Structure formats: C-alpha cells, structure tokens
Ligand code: SPV
Ligand code: MG
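In our numbering, the protein residues as written are 1156 to 1586.
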C-alpha cells in the first residue's frame, strides 16, 4: 500500500478539500498534515480555531488514516518522517508566492522517487462563499480584538506595519512576500498618530481629535481582518481616556499604546529639540489603572510607552517607570529611542527581561533601523512596529509626480512609473 500525504491549513472543510481527499484515497493510505499555527500565520490567513481543533476536525474526514502536525512550511519535517510515495495538493500553488514551496517539495520527493500530484483546484460559488464567510468572521470585533494576544503566544515577534487609511490597511492585510523559499506577511497594523495626522495635513500634536481617529480605524476595519494597535498619544485626560478604552474595544482594536508625557505632546522623534514634559510615575500609573478598570473584555491591552530615553532622562528612569507601569496594570511596555545605534534599546530590554520574563516589549525601530527582527527577539522584544515607512515612501513619490507634470505640462513623462489604469480600477475587490 502506497502512502499519500496532503497538508491542510483550513478551519472549514469544503467540497475542494473533500475532492483532494478523494483523489488521495485513489492512490493509497492517506495521511493529512495540519499546518501548525506558527507557520500558518506566515503562510495563509489567521486560524479561527486552534491547531488541536483543526487536527481533530481532519481526523473525522472520510478516508483519513492519520493526522500529523506539520511544523515547517517547506514540508522537510513531514517528508523525512513519512517518506510519502505521493504528496497531493490543489494546483493553485503552481502560481504566486506558494510556487517556491511547491518546487521545493517536488525536489524533496524526487530525491527518493516520490511524486507530486496537483489536483485541479475547486472554484465554485460554495467554496467562494465559505472563504468569504471565514474572512468576515476574522473581521468581526470579537475575533480581531483577541488576535494580538493570540499572536503573542504563537510567534516570537509580531510584525506590525502602519496603516492610516483603507488603502494602506489593504497593503498591510494583503502583502505576502516569497523570500528564500519562505512566505511572510505582516501580523498587525499600527494606527500611528504621526501618519494619521500627516494624512490629514495636520501636525502630530494630538490635534486630530478622537472622533476623527476612530473614523480612520473604521476605514481600516471595513476592508481588513488583521489586529490593530492604536497609537493613543498621551491618552489625554484620564477622565477622557476611560471612554477611549471603551470605544476602542467596541471597534475591535486589540491594544492602545499611551506615552508617559503630559501637556502639549510633540512627536518623539524631535527628542529634546522641542519642549516636552514627562508625566510623573504616579500620574501615569493612575491613568493606566483607570484604563484597566474601564476595560470590559479580557482581550484588550493597554501598553505603557516610556519616553525617558527620548527625553534623555537615563536608563534607570526608564526601567523604574517600566516596572511601576507594569505594577499599575500595563499589559505591555513600549520603549522608544531616537538613537541610530540600537544599544540603549537592547540594554533596556535585557535589564527589563532580567526582572520580568513575561510582559510584552514593543519597539519602534525608525531611527535604530539596522537591527533585525530576529536580533530584537533575542533581546526579548515581542512586537516590532514599522511606524511610518508607508507614508514616507508614498509622499516623495507623489511629490515627484506633481513636480514632473508641472515641468512637462503633460503627464506622459511620468506614466511609465505609475500603476496602470487597469490595475488601479481593479485594485479593490467588489463583493
Ligand atoms: C507614531 O507613529 O505616531 C509614533 C511613533 O508615535 S514615533 O513617531 O516614533 O513617535
Ligand atoms: Mg504617535
């Protein structure tokens, strides 16, 4: 009897999966792989049920003899363990970013005479509807809100990219890259005060009011499913912050980060070039405590951002604040720096981790941009935020186009570097 292996990464079984199993059964005894959560979040969409529940589900399917956990995107683990005569997969992976995985599996199989079978992918209305229902489920506030905490359990580093509109939200949601044979994507979105304000042509001084910031969140949630970390600036007055917490929870936001400043807030990247005042430990701890008390769900996180390194108050001050804010109930700590050298961030993380092995650490490597995600994770960082790079890449491109059209008195000269009309009119999926 030949051994047949197929890998599933779905939460819901539809006709397409049953068809694959039928084809598998014709070839031999069927082993189904369940792609682990850790790999699934890089490869495909976020699971709505746990890997244990998925394994249980796959065991109930017709013709399935065994279910194993697949912990590598490349199939190395399962292929060396099972040595299947056949690997069966839908033919949709012959194109797009998944193609490199298909090619790799084919190579692995050819080393011992195994065979790859591509089954025609089942495209029909029912399959499309199930896919859409799953996406809609992930977009619901109760699913989206808890997803950040789930990610913190699943992955060593939550990769977060800024979004300030429906369109930038879509970029963070949909961008999947294939690099060195592996797929990758962002885990979460950062609704930056800097980029949200800049998109509205306003300075980053808490001038754009919460109603307007919530409107931005809604624009993003309407077209995406990934979790949102909201830049709450100073959190405003404590009496106002408690309402902000409730509103954010209701919108399905996963976390708010508030910074320990008081008075007129300026962007941290100005550092000491402008007047900025840090709140006292007591004042800020009170705000955290009030926010935590107001919060209604267990999912939501209030993350305390420490500005001591930005304001050159020293490492000891930063650490003292971090421990105090955790004691006041903060669910995470964000430490910021505007130095090019990541040394002070690493020193903070190492010293914090020596005393607190668990509380999530967030960093925003805008200035210290040479350090990699992996290196940050080695220092105990859990969430990395790319806070403004989409805005900073779009602005010069648009400005150059405006200048070139003015210079040439027509648009022909800029056309080659623009997205095609066909691509722009079909960019947004219609329901
Ligand atoms: C933002 O993105 O608005 C931030 C991060 O708060 S920073 O601009 O680096 O202060
Ligand atoms: Mg900000």
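Here a beta-carbon is modelled for each residue, glycine too, at the ideal position from N, C-alpha and C. Treat the numbers as computed from the prediction; the structure is a model and nothing was measured.
- Distances from the CB of residue 1386 to the heavy atoms of the ligand MG include at least one below 6 angstroms.
- In this structure, 1500 is the residue among 1221, 1500, 1209, 1513 with its C-alpha nearest to the C-alpha of residue 1522.
- The C-beta of residue 1213 has 16 or more other C-beta atoms within 10 Å across all chains shown, which makes the residue buried.
- Going by C-alpha positions, residue 1391 is about 35 angstroms away from residue 1203.
- The beta carbon of residue 1573 sits closer than 8 angstroms to the beta carbons of 1556 from its chain, once the five residues preceding and following it are set aside; these are given in chain order.
- Not one heavy atom of the ligand SPV is found less than 6 angstroms from the C-beta of residue 1389.
- Going by beta carbons, residue 1582 and residue 1323 fall outside the 7 angstroms limit.
- Rounded to the nearest whole angstrom, the CA to CA distance from residue 1272 to residue 1266 is 16 angstroms.
- Counting the other CB atoms within 10 Å of its CB gives residue 1563 a total below 16, which places it among the exposed residues.
- Residue 1275 counts as exposed, since fewer than 16 other C-beta atoms from the protein chains shown sit within 10 angstroms of its C-beta.
- Its chain contains 1351, 1352, 1355, 1357 as the residues whose beta carbon lies nearer than 7 angstroms to that of residue 1363, once the 5 sequence neighbours on both sides are disregarded; these appear in chain order.
- The three-state reading of DSSP puts residue 1444 in helix, counting H, G and I together.
- Cβ-Cβ separation between residue 1455 and residue 1300: approximately 6 angstroms, consistent with a contact (criterion under 8 angstroms).
- Within the same chain, Cβ atoms closer than 7 angstroms to the Cβ of residue 1421 are found at 1360, 1429, 1431, the five residues on either side in sequence being excluded.
- Approximately 7 angstroms separates the beta-carbon atoms of residue 1539 and residue 1315; this is inside 8 angstroms, confirming the contact.
- The three-state reading of DSSP puts residue 1163 in strand, counting E and B together.
- Between the alpha carbons of residue 1378 and residue 1294 lies a distance of about 8 angstroms.
- For the ligand SPV, no non-hydrogen atom lies closer than 6 angstroms to the CB of residue 1524.
- Measuring C-alpha to C-alpha distances from residue 1165 to each of 1329, 1216, 1250 identifies 1216 as the nearest.
- DSSP places residue 1395 inside the alpha helix (DSSP H), whose first and last residues are 1393–1406.
- Here the alpha carbons of residue 1566 and residue 1559 stand approximately 8 angstroms from one another.
- Looking at the DSSP output, residue 1187 shares a beta bridge with 1161, 1222.
- Assignment of residue 1416 by DSSP, reduced to helix, strand and coil, places it in the strand class.
- At least one heavy atom of the ligand MG falls within 6 angstroms of the beta-carbon of residue 1348.
- Scanning 1191, 1158, 1406, 1257 for the CA closest to the CA of residue 1176 turns up 1158.
- Between the alpha carbons of residue 1435 and residue 1463 lies a gap of roughly 11 angstroms.
- Here residue 1260 has 1230, 1242, 1271 as same chain residues with Cβ atoms under 7 angstroms from its own Cβ, once five neighbours each way along the sequence are excluded.
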